[in-house]
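Order-wise, the sequence lines are chains X and H. Each residue of the first sequence is one higher than the one before, starting from 377 at the first, in our numbering. Each residue of the second sequence is one higher than the one before, starting from 377 at the first, in our numbering. Even for Gly, the Cβ is constructed at its ideal location relative to N, Cα and C. Below: one structure, written as structure tokens.
Number of protein chains: 2
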Amino acid sequence: MWPLFREKISQHTLLADEEYELVTSFFKYKTYKKRQFILQEGNISKYETFILKGCVRVYDVNDTGQEHVLQFGIEGWWVNSLHSFINETPSDYDIECLENSEVLHITKPDLEKLYKQVPAMERYFRILFQEVYMSSQHRVCTLLAKSAGKRYRDFLKLYPQVGERIPDRQVALYLGVTPQSLSRIRSQFAGK
Amino acid sequence: MWPLFREKISQHTLLADEEYELVTSFFKYKTYKKRQFILQEGNISKYETFILKGCVRVYDVNDTGQEHVLQFGIEGWWVNSLHSFINETPSDYDIECLENSEVLHITKPDLEKLYKQVPAMERYFRILFQEVYMSSQHRVCTLLAKSAGKRYRDFLKLYPQVGERIPDRQVALYLGVTPQSLSRIRSQFAGK
DNA sequence: CGAAAATTTGACATGACTCAACTGGAGTGG
DNA sequence: CCACTCCAGTTGAGTCATGTCAAATTTTCG
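Below you can see the structure in the form of structure tokens.
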């Protein structure tokens with residue numbers, strides 16, 4: 377069941393069939409429609425979420441109504457409003473589906489049990505967090521060092537599967553520019 | 377030995393005395409002078425580094441000579457050029473001491489052995505990476521959403537121990553503004 | 001004390017933002 | 001299937017925050 381899920385876990389740690397069965401028993405399968413929210417700002421994030429199919433974004437809206445995208449997620453990625461999940465505090469972020477999506481959810485208590493019962497999963501998440509931390513550091517670096525145009529090009533190169541299926545508007549909010557500016561940047565590339 | 381080190385580990389996972397002895401046996405103590413490099417760009421990062429005393433920065437220099445600070449580290453923090461360490465590839469970053477410092481180093485093979493021999497340390501690092509990932513996400517968010525002045529104030533509030541002992545220039549390079557701009561921002565605050 | 005580095009300040013340039021209007025495609029309901 | 005609405009995307013004009021270049025001043029530290 378859920379071969380993508382098994383494949384992703386297997387990239388970092390090997391599980392016997394019966395161990396994998398045990399792991400999956402902690403997760404709940406759920407589907408969401410496009411534009412539906414997996415989590416809304418102000419609520420406590422109850423699930424760590426693995427995306428089997430579809431596409432989501434994690435974003436915030438500030439007091440002036442501006443949105444900023446913290447993270448995208450597509451097949452094979454984990455998404456969460458992590459701070460809310462870990463500390464059980466109201467989330468600053470919304471998680472919204474950009475496409476009809478299928479996901480796996482696990483609650484915090486179940487995840488803790490999973491770590492205890494299957495130490496290999498503690499290892500898996502150690503490696504996962506290491507990797508997403510590196511990605512986040514890389515993103516900080518591009519935000520510090522590169523122009524909007526360069527960030528856009530880098531993004532398309534690094535996440536072509538994401539860039540192709542997500543509206544430019546969302547990409548702009550991820551890159552930290554206004555949709556208008558991204559539009560101008562794109563037209564400059566085209567004319568070159 | 378190294379009570380700070382033990383204290384930090386104990387925050388996330390409890391170790392018996394003999395386990396702690398085993399853990400420490402994998403680490404090497406080393407001192408560095410101010411301005412000395414723990415790692416230089418182009419070299420492979422050989423150590424994950426825990427800071428017992430002192431202050432360091434992880435930064436890069438681009439082709440036009442501009443510097444950007446990826447991370448600071450003070451007592452109780454881990455620092456590394458993680459991508460280089462994990463993949464054993466040349467580092468894009470320098471790690472430089474801003475003060476005379478005392479650190480603990482562990483090599484990648486030893487860290488792997490440590491994970492195997494003391495599963496509690498795999499847990500410790502899982503939680504550590506989870507935390508630094510959340511910090512990094514928070515930083516991305518402030519870079520996307522806030523003005524330079526707001527970022528500066530937030531930084532001072534969040535890391536007062538760092539802001540107090542680090543030259544403004546370094547803080548500017550961490551916040552993603554030029555030292556000149558930060559100077560102007562500071563003078564605006566002062567006149568208010 | 002003296003050299004090197006950090007900080008400040010001024011003048012000017014510019015990338016990106018804001019506000020606003022217009023275009024065109026997607027989705028919805030009659 | 002068409003009319004209508006709603007957004008995403010585009011484009012223009014003007015503004016603003018921050019960068020660049022350069023020089024003066026202060027601080028640090030050997």
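Spatial neighbours of residue i within its chain, please: C-beta separation below 6 Å, excluding the five flanking residues on both sides.
i	result
K410 (chain X)	C473, E475 and N476
H459 (chain H)	none
W454 (chain X)	F426
Looking only at its chain, what residues have a beta carbon closer than 7 Å to the beta carbon of residue i, apart from the 5 residues adjacent to it on each side?
i	result
T483 (chain X)	K422 and Y423
Q506 (chain H)	none
I503 (chain X)	H388
R382 (chain H)	Y396
So what's residue i in DSSP terms, helix, strand or just coil?
i	result
K492 (chain X)	helix
G452 (chain H)	coil
H514 (chain X)	helix
H459 (chain X)	helix
D530 (chain H)	helix
Y535 (chain X)	coil
Q564 (chain H)	helix
I542 (chain H)	coil
L446 (chain X)	strand
L428 (chain X)	strand
Determine, using beta carbons only, whether residue i and residue j come nearer to each other than 8 Å.
i	j	result
N456 (chain X)	T425 (chain X)	yes
I561 (chain X)	Y509 (chain X)	no
L380 (chain X)	V445 (chain X)	no
S512 (chain H)	S512 (chain X)	yes
K404 (chain X)	H481 (chain X)	yes
V434 (chain X)	V516 (chain H)	no
What residue range is occupied by the uninterrupted beta strand (DSSP E) comprising residue i?
i	result
I414 (chain X)	F413 to L415
L480 (chain X)	S477 to T483
Y435 (chain X)	C431 to V437
I471 (chain X)	D470 to C473
T407 (chain H)	K404 to Y408
Keeping to the same chain, check which residues put their C-beta closer than 8 Å to that of residue i; ignore five residues upstream and five downstream.
i	result
L551 (chain H)	A524, R527, Y528, F531 and L558
D468 (chain H)	E417, D436, S457, H459 and S460
Y491 (chain H)	M497, E498 and F501
E443 (chain H)	Y435, D436, V437 and L549
L519 (chain H)	R527 and G552
Y535 (chain H)	F448
L390 (chain H)	A496
M377 (chain X)	T400
Would you grab the beta carbon distance between residue i and residue j for me? Rounded to a whole angstrom, and I think it's under 8 Å.
i	j	result
K384 (chain X)	G452 (chain X)	5 Å
L398 (chain X)	V494 (chain X)	6 Å
I427 (chain H)	V479 (chain H)	5 Å
F402 (chain X)	D470 (chain X)	Between D470 (chain X) and F402 (chain X) the Cβ distance is about 25 Å, and since that is not below 8 Å, they are no contact.
P555 (chain X)	R541 (chain X)	Not confirmed; about 17 Å, so no contact.
Sorry if obvious, but does the Cβ on residue i come closer than 7 Å to a heavy atom of the ligand FAD?
i	result
A524 (chain X)	As for the ligand FAD, it is missing from this structure, which has no ligand bound.
The alpha helix (DSSP H) with residue i in it runs from where to where?
i	result
K384 (chain H)	P379 to S386
T400 (chain H)	D393 to S401
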